[in-house]
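Asks: Just passing along the structure, written as structure tokens.
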């Protein structure tokens, strides 16, 4: 080893976030302009919707009352603090507003409605149209002082109208978008983890393991998923986590086929055999040598699973078997649009939001797939 | 061959490939001629453009990604590059035919032999039915397929590699072509089969008065077989001339380099006082054949059937034999990557019954280098990660910097620049990749290395370098090598002892020198004759 000990000073290991492969992938991703822009648009909308409480809420972000700084968005203050009697303060009521304004100030979010708050000053019976479809007199007809009422301002008016319970559609759409995307992401990630693990184990070990799990999956995937969902939804109280759990039971199967095939193909590669000869354990081989092969196939699937799970949640909500009543949901909005054909803004809003969201996700998914395709070259 | 008539004349031919806005010139203004009844060899290493040149004669390249910026290909005075598609189809398979390297993938797996050959007869000569069958049998007889009547209904997977290549040749001969282009027709075959195929081609050429364009990287074949040689490198023909002239008096530096690149040198002298590293007694690997509804074991495929061997430190044991003789299986059994029966001892410890986990502490002391330098390196890991993988398993306590230093040292020892270690395998040439694979084995400082055809996938000149490197490493670290190869020239340069295997059993074993110079068994004799003289002798002793 004498020739080796005096090696030249060794270059430091690479630094930086991205390995060369990932850098190339990112370049490929960016080369798909549509997907790249879709990602940014989607991220902006999604991050904004994560802060929905600061954009659309029926309580102020910040308030000062008798010299005390209050954060009504995060902290629930009992109404007796302001001289009222309710357990939770209704900041939209004239009494509280006047009381706080008289002893301090309030900073409201741009939209003064939450997904559950009703507009008590609607000009006629709900649902009401977006304010810009009505004249000034018409839209302020519900306020005590009419068109001159100071409360008849942009943040109190309903940009996309109200639904049949006089709730602000825009606020509900913002909250509904957030819950849809979060649900879709959570379901996709969970089913990817379960599905990829199951597929990897089957493909890598093969033999009886593979045979038994394949038969199980065949039986499992031939179940009528929607009916089982309806039955379980009838027994268990509906909610985000319960729905997620029920749908996860069936959605992971989608990943198994592709991942299993990749592992079956790759487990006999010489570099896998070489790793075994080095004494590398099964789990490490699966993770380090085989999983990257299966990732491309998985990522090709992700956008479809993601948009699929969002659609499933929406359809369950539409049927009334989804999220508990009152929660913001796009499916419920579509149902309202169907019930109230005289109020086309309900259906149209739901349609536009759904299609924009799903299109963006598919475009991003397409670009991701391109990015991971080693053979893809862009001019 | 009096008054040679030129049947093919390639003039100033260039081939360019366009990909993603880049244009690369694969063939650069190449000119050569083929006369009637002549064998012209196109010699060069991989990537030299010899196959591209051959494929452009029949316009088989992926147009329009490929294009010809200059040149003409005159076949009997007609320019094939300017010919219409219909005119080209007339020529293809009729006047000019091709045989390819991979007999497995060049035959349609879903068609029987009769149908494959019959299709060509029907297309170009309109022969069908009984007449076609007679002609097919005649062709199969010509190419030396035994019992051709029984083979008519066979599918490609039922034939051996040599038989498949014979069928390919039968297809190529079906329409009595004037020019046969053979693109490395024997590279994928065993040496004994290679000798038979070469002899067959030679006989057929003489019988039919065909011309041949023979593409190969093997200079031995050229010397034996060709009339004239064109030496190609980097897309250019650097030297052309009659075979004897080129071999006796090479003009160009590259030709001289090519001629000098045969693996040479002697193995290190044997020393029986060295400790035994691997000892095996009666090793058997039997794969069960199951049949029937209950999947009962009815028989066994005896891949390795009772092998004894002893390997001392600093020695090389060569395992030679045709493909399917159980060489690799034996190597995998000795390194405990597949289960086997019989006693296997490694540095005095019995390892035959050990589980994978129990083997792990010993893994660092026994390493493997595989045949295919493309397949044995994970394409998604950098070279540094590939080499460091074993260290992470066996010496997890090493610091990052120390590990990196060891990796760099191993790469340097195998003749690679350590500063390239953040690159990925696809950025390296075949020879460099094989060096990475060797570095991966060496970084753990093993005592025993199993080399499974480590040079077979490499070019001739690279082979010689790798052999040199292996010998060097062996001398430095007193390594024991189990060298599995079908290439007896390489084995001769490395091995102290040789085991000749056939059908899982030992045909002959002993000192390498004795076996190569004075083979005792008929099979060994045939193997040696095929490997060193490209002669098919005692064809009853070897498989077809």
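Residue numbers (my numbering), protein chains in the order written: chain A, 8 to 386; chain B, 138 to 681. In this text, a Cβ means the ideal position worked out from N, Cα and C, and glycines have one as well.
Do the region 342-359 of chain B and the region 175-189 of chain B make contact, defined as three or more Cβ pairs closer than 8 Å?
Replies: yes
Asks: To the nearest angstrom, how far is it from the Cα of residue 678 of chain B to the Cα of residue 294 of chain A?
Replies: Reliability of the predicted coordinates at residue 678 of chain B is poor, the pLDDT of 46 falling under 50, and the value obtained from them is presented with this limitation in mind. Spanning the two alpha carbons is a distance of roughly 48 Å.
Asks: Does the CB of residue 507 of chain B have a neighbour CB from chain A at under 8 Å?
Replies: Closer than 8 Å to some Cβ of chain A, the Cβ of residue 507 of chain B qualifies, so yes.
Asks: Alpha carbon to alpha carbon, how far is residue 639 of chain B from residue 249 of chain B?
Replies: 29 Å
Asks: So with Cβ pairs under 8 Å, would you call residue 526 of chain B a contact of chain A?
Replies: Residue contact check for residue 526 of chain B against chain A: a CB pair falls below 8 Å.
Asks: Applying the 10 Å Cβ sphere with the 16-neighbour rule, what's the burial state of residue 294 of chain B?
Replies: exposed
Asks: Kindly indicate if chain B contains any beta-carbon less than 8 Å away from that of residue 344 of chain A.
Replies: no
Asks: Using the three-state DSSP reduction, which class does residue 278 of chain A fall into: helix, strand or coil?
Replies: helix
Asks: What are the complete alpha helix (DSSP H) segments, minimum 4 residues, inside the region 236-296 of chain B?
Replies: Counting only runs of 4 or more residues that sit fully inside the region 236-296 of chain B, the alpha helix (DSSP H) segments are 240-243, 250-262, 266-279 and 285-288, in chain order.
Asks: Using alpha carbons as the reference points, say which of B:604, B:268 and B:261 lies closest to residue 226 of chain B.
Replies: Closest by alpha carbon: B:261.
Asks: Using a C-beta to C-beta distance shorter than 8 Å, which residues of chain B count as neighbours of residue 277 of chain A?
Replies: 507, 508, 509, 512 and 513
Asks: Would you list, in chain order, the members of the region 472-491 of chain B that have their beta-carbon closer than 9 Å to a beta-carbon of chain A?
Replies: 472 and 474
Asks: In the DSSP assignment, what residue or residues form a beta bridge with residue 367 of chain B?
Replies: Per DSSP, the beta-bridge partners of residue 367 of chain B are B:179 and B:377.
Asks: Specify the secondary structure class of residue 149 of chain B as computed by DSSP and reduced to three states.
Replies: It is a strand residue.
Asks: Could you check what DSSP says for residue 294 of chain A in three-state terms: helix, strand or coil?
Replies: helix
Asks: Going straight from the alpha carbon of residue 375 of chain A to that of residue 203 of chain A, what length do you get?
Replies: 18 Å
Asks: How big is the Cα-Cα spacing for residue 152 of chain A and residue 144 of chain A?
Replies: 11 Å
Asks: So that I know if they touch, is there some Cβ in chain A lying closer than 8 Å to that of residue 303 of chain B?
Replies: False, the Cβ-Cβ gap to chain A never drops below 8 Å.
Asks: Between which two residues does the alpha helix (DSSP H) carrying residue 182 of chain A extend?
Replies: Run containing residue 182 of chain A: 176-212, per the alpha helix (DSSP H) assignment.
Asks: Less than 8 Å between CB atoms is the rule here; does residue 286 of chain A satisfy it with respect to chain B?
Replies: yes
Asks: Would a check of beta-carbon distances place residue 504 of chain B closer than 8 Å to chain A?
Replies: yes
Asks: Could you check which residue in B:402, B:472 and B:408 has the C-alpha nearest to that of residue 422 of chain B?
Replies: B:472
Asks: Please say whether residue 370 of chain A and residue 45 of chain A have beta carbons closer to each other than 8 Å?
Replies: yes
Asks: Counting only runs of 4+ residues fully inside the region 549-580 of chain B, write out the alpha helix (DSSP H) ranges in chain order.
Replies: 567-579
Asks: Can you give the beta carbon distance from residue 63 of chain A to residue 186 of chain A, rounded, assuming they're within the 8 Å contact cut?
Replies: Actually they are not in contact, since the Cβ atoms of residue 63 of chain A and residue 186 of chain A sit about 14 Å apart, beyond 8 Å.
Asks: Just how far apart, CA to CA, sit residue 61 of chain A and residue 50 of chain A?
Replies: 17 Å
Asks: Of all the CB atoms in chain A, is at least one closer than 8 Å to the CB of residue 608 of chain B?
Replies: no
Asks: Going by CA-CA distance only, name the one from B:257, B:328 and B:361 that's closest to residue 667 of chain B.
Replies: B:328
Asks: What residue range is occupied by the uninterrupted beta strand (DSSP E) comprising residue 391 of chain A?
Replies: There is simply no residue 391 of chain A to check, as chain A begins at 8 and stops at 386 in what is shown.
Asks: Going by CA-CA distance only, name the one from B:468, B:319 and B:174 that's closest to residue 347 of chain B.
Replies: B:174
Asks: In three-state DSSP terms, what is residue 371 of chain A?
Replies: helix
Asks: Cutting at 6 Å between CB atoms, please list the residues of its own chain near residue 501 of chain B, excluding the five before and the five after it.
Replies: Here the set comprises 531 and 581.
Asks: With a threshold of 8 Å between beta carbons, is residue 586 of chain B in contact with chain A?
Replies: no
Asks: Pick out whichever of B:453, B:411, B:223 and B:516 has its Cα sitting closest to the Cα of residue 564 of chain B.
Replies: B:516
Asks: Can you name, in chain order, every residue of its own chain whose Cβ lies under 7 Å from the Cβ of residue 450 of chain B, other than the five neighbours on each side?
Replies: Only 411, 412, 414, 584, 615 and 617 meet the Cβ criterion.
Asks: Label residue 424 of chain B either buried or exposed according to how many other C-beta atoms from any shown protein chain fall within 10 Å of its C-beta, with 16 as the threshold for buried.
Replies: exposed
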